[in-house]
Amino acid sequence: MIGSWFATDYDEAPHYVGGLPLEVGSGRDLAIVDQVVRGQSIVGRVTGDYGAVGVKMHNPGVPTRVSVLVHLDEVATRWWSDRVRPSRLAPELPRLVLVRAQGALRGAAVLARRQGLRSAGGAKATVEFDLGPEDLDEDGLLMVELAEPSRPAWTTGRIAARAALGLRLDKISVRPQGGPATVAAPVPTGCDLAIIPADVPEVFRLEVSPVTPAPPLPVSPTHKWARKKPARAGFKALRIARRASTRVVAEVHKSRPADQFGVTATDLLAEVAVELEVVKRAPGSITLRRTTPSGGPILVGLKQADRGLSCRVVPVAGA
């Protein structure tokens with residue numbers, strides 16, 4: 017075969033990770049990276065408008081369940097702020113990011129830094145999806161990508177531009193289907209948006225509660241004199257005072273969900289509106305039923321935008 021004799025001293029044999037159950041938590045286990053910087057104790061961090069990683073594994077020949085843990089932390093917010101935000105006074109908007117695998121949309125996540133919901137003001141989301149033996153082919157290459165969504169018109173001014181920039185891929189897990197169930201408790205998103213995964217029952221409850229915004233990021237000194245010890249102490253005192261004032265304002269002007277709030281929903285795969293039927297209303301929550309089939313994850317949000325509210329999707333079993 018032409019070219020079969022080409023080789024260099026730097027050629028390496030394909031690196032395969034272990035069998036199932038599989039857990040990748042370091043960039044050293046990656047076979048391919050695209051716009052992702054490898055990490056030591058994390059898989060990696062996205063450096064562009066999208067980021068993709070490839071894991072080489074032996075095809076187990078059985079249906080598998082894949083979990084991807086995505087993390088929005090302070091470093092990711094700094095990267096986004098330095099490259100995107102036009103002003104330090106501009107509001108920090110939630111991130112909406114798509115999760116693709118083997119070239120197809122598998123899920124989505126909404127991430128927003130908020131106090132009281134995540135440690136250190138960060139936000140984490142786990143996206144799970146199923147793959148068949150045919151999805152991995154013979155080479156066993158699992159490709160996972162974080163990508164930008166097509167933003168529905170009703171989300172204008174409600175989600176951040178370049179949502180994938182700076183996000184962390186903390187962990188990728190693969191396990192056989194049909195094993196012990198690991199059902200995670202629903203968590204608030206920290207904003208007035210939420211994702212309804214494809215495997216959520218037809219009937220679900222959307223709970224809305226007040227939330228306190230995350231503290232503003234500290235501004236790093238840019239002048240030489242500002243980096244000296246006395247100046248650093250002054251900057252630290254100003255940051256503490258600003259965070260304290262932010263908390264007081266948030267507590268005084270805390271939003272409260274109305275009992276008759278409405279919702280809007282969009283299928284992120286087909287990019288079409290999704291009809292939701294109101295089954296029941298209660299103070300701070302609404303039970304909904306999907307009346308039209310959807311092929312992908314659904315983005316749902318309050319019709320009246322409110323940055324002081326947080327949503328949580330709770331499946332309703334047996335409804």
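Just so you know, we're using this note's numbering here: the sequence shown kicks off at 17 and counts up by one.
For every residue, glycine included, the Cβ atom is placed at its ideal position computed from N, Cα and C.
Between which two residues does the alpha helix (DSSP H) holding Arg149 run? What sits at residue 149 in the sequence shown is Pro, not Arg. Element bounds for Pro149: Pro149 to Leu152.
Apart from the five residues on each side of it in sequence, which residues of its chain come closer than 7 angstroms, Cβ to Cβ, to Glu154?
Asn75
**Message:** Assuming the contact rule is C-beta atoms closer than 8 angstroms, Val33 and Val71 should be a hit. Round their C-beta distance to whole Å, please.
**Reply:** 6 angstroms
Using DSSP with H/G/I as helix, E/B as strand and the rest coil, what is Thr93?
-> helix
In three-state DSSP terms, what is Ala68? strand
Margin query: Can you confirm whether Gly77, when its beta carbon is compared against all beta carbons of chain D, has any partner nearer than 7 angstroms?
Written below: As a matter of chain content, chain D is missing from the structure shown, which is built from one protein chain.
Thr189 burial status per 10 Å Cβ neighbour count (16 or more: buried): Position check: residue 189 holds Ser in this sequence, whereas Thr was assumed. Buried, since its Cβ has 16 or more Cβ neighbours within 10 Å.
If you follow the beta strand (DSSP E) that Ile175 is in, where does it begin and where does it stop? Premise fails: Ile175 is in no beta strand (DSSP E) and is neither H nor E.
Inset, instruction - Would you decide whether Asp98 is buried or exposed? Buried here means 16 or more other CB atoms lie within 10 Å of its CB. - result: exposed
| said: Please report the distance separating the alpha-carbon of Val279 from that of Arg54. | reply: 39 angstroms
Quiz item: Any chance the region 309–324 sits against the region 204–215, with 3 or more Cβ pairs inside 8 angstroms?
Solution: yes
First through last residue of the beta strand (DSSP E) which encompasses Lys296 = Leu292 to Ala298
message = Could you pull the DSSP bridge partners for Glu223 from this structure?
response = Ser301 and Arg328
Can the beta-carbon of Arg116 be found less than 7 angstroms from the beta-carbon of Ala163?
yes
Point to revise | Endpoints, beta strand (DSSP E) assigned at Arg122 | key: Ala120 to Leu127
| said: Assuming Thr282 is part of the beta strand (DSSP E), what are its boundary residues? | reply: Val279 to Asp283
- Task: Could you check the C-alpha separation between Cys327 and Gly311 for me, to the nearest Å?
- Result: 22 angstroms
Exposed or buried, what is Pro204 when buried is set at 16 or more other beta-carbons lying within 10 Å of its beta-carbon? buried
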